[in-house]
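Colleague: My structure is below; once you've seen it, I'll send some questions.
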Amino acid sequence: MSTILIVTGLALCFIPGGWLFLQLLFTTPLILMEGRITMTQAWSRSQTLMRLEWGRAIGLVAITWLLLGILGLSLTYLFSGIYSIVLEQIAWIGGLIPDFDVLKLTGGAIVSVLLLPMQMIFITLFYFDVRARKEGFDLQVLIDQL
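Take 203 as the starting number for the sequence shown in the numbering used here and just add one per residue.
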């Protein structure tokens, strides 16, 4: 019974959270690309653009998280491995014992700083694709506006 309650509780948190994330997926590109709009306008515009795009959005988010997750784990272990080798050599010379948990945390933070812009690039490209399909917006229109 407790397993059923735990799974139900998780579903009640993740399903609305995922729905809200997808509804507001285009908020940042909208604020950056469409100029001076309020948050309310950006939210409603994001919901309008996401209408009938759920399947593509879920696929894009899943592929993005999968690719960036694999890259993130690989880079985290690479950074922490390099740091641990260097610090083990320094510890051997100096007699200090390095804290490997701090190394993993630092490596994860560096990787997050590198990967978050990549996620926004994927979302922005998806935003341009949706606008091109729904509104006939293309890069020539953007260049003319600039």
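Glycine included, every Cβ here is placed at the ideal spot set by N, Cα and C.
All figures in this text were calculated on a predicted structure; none of them were measured in a lab.
Rounding to the nearest angstrom, what Cα-Cα distance links residue 221 and residue 235 in this structure?
Modeller: The residue you call residue 221 lines up with position 19 of the sequence shown. The residue you call residue 235 lines up with position 33 of the sequence shown. Each residue's alpha carbon lies about 23 Å from the other.
Colleague: Under 8 Å between the Cβ atoms of residue 262 and residue 328?
Modeller: Translated into positions along the sequence shown, residue 262 becomes position 60. Translated into positions along the sequence shown, residue 328 becomes position 126. Cβ distance < 8 Å, so residue 262 and residue 328 count as in contact.
Colleague: Alpha carbons only, please: which of 256, 306, 289 is nearest the one belonging to residue 274?
Modeller: Within the sequence shown, numbered from 1, the residue matching residue 274 stands at position 72. Nearest of 256, 306, 289 to residue 274, Cα basis: 306.
Colleague: Is the Cβ-Cβ distance between residue 321 and residue 266 less than 8 Å?
Modeller: Against the sequence shown, residue 321 aligns to sequence position 119. Against the sequence shown, residue 266 aligns to sequence position 64. Result yes, Cβ atoms of residue 321 and residue 266 sit closer than 8 Å.
Colleague: Buried or exposed: which applies to residue 276, given that a residue is buried once 16 or more other Cβ atoms fall within 10 Å of its Cβ?
Modeller: Against the sequence shown, residue 276 aligns to sequence position 74. So residue 276 ends up on the exposed side.
Colleague: Which value, in whole angstroms, describes the spacing of the CA atoms of residue 317 and residue 270?
Modeller: Taking the first residue of the sequence shown as 1, we reach residue 317 at position 115. Taking the first residue of the sequence shown as 1, we reach residue 270 at position 68. One C-alpha to the other measures close to 7 Å.
Colleague: Can residue 274 be considered in contact with the ligand GTP, in the sense that its beta carbon sits closer than 7 Å to one or more heavy atoms?
Modeller: Among the components modelled here there is no ligand, and therefore nothing to report on the ligand GTP.
Colleague: I'd like the list of long-range same chain contacts for residue 233, defined as Cβ closer than 6 Å, with 5 residues on each side in sequence excluded.
Modeller: The residue you call residue 233 lines up with position 31 of the sequence shown. Excluding sequence neighbours, residue 233 sits near 244.
Colleague: Whole angstroms are fine: how far does the CA of residue 241 sit from the CA of residue 259?
Modeller: As a position in the sequence shown, residue 259 is number 57, starting the count at 1. As a position in the sequence shown, residue 241 is number 39, starting the count at 1. Cα-Cα distance, rounded: 21 Å.
Colleague: On the three-state DSSP scale, how would you describe residue 307?
Modeller: For the purposes of this step, residue 307 is taken as residue 105 along the sequence shown, with counting starting at 1. DSSP places residue 307 in helix when its eight states are reduced to three.
Colleague: Once DSSP output is grouped into helix, strand and coil, what is the label at residue 253?
Modeller: Translated into positions along the sequence shown, residue 253 becomes position 51. Here residue 253 sits in coil by DSSP.
Colleague: Please determine, among 346, 288, 336, the residue with the shortest C-alpha to C-alpha distance to residue 251.
Modeller: The residue given as residue 251 occupies position 49 in the sequence shown. The shortest Cα separation from residue 251 among 346, 288, 336 belongs to 336.
Colleague: State the DSSP-derived secondary structure class of residue 236, mapped to helix, strand or coil.
Modeller: Taking the first residue of the sequence shown as position 1, residue 236 is located at position 34. Note: residue 236 maps to coil in three-state DSSP.
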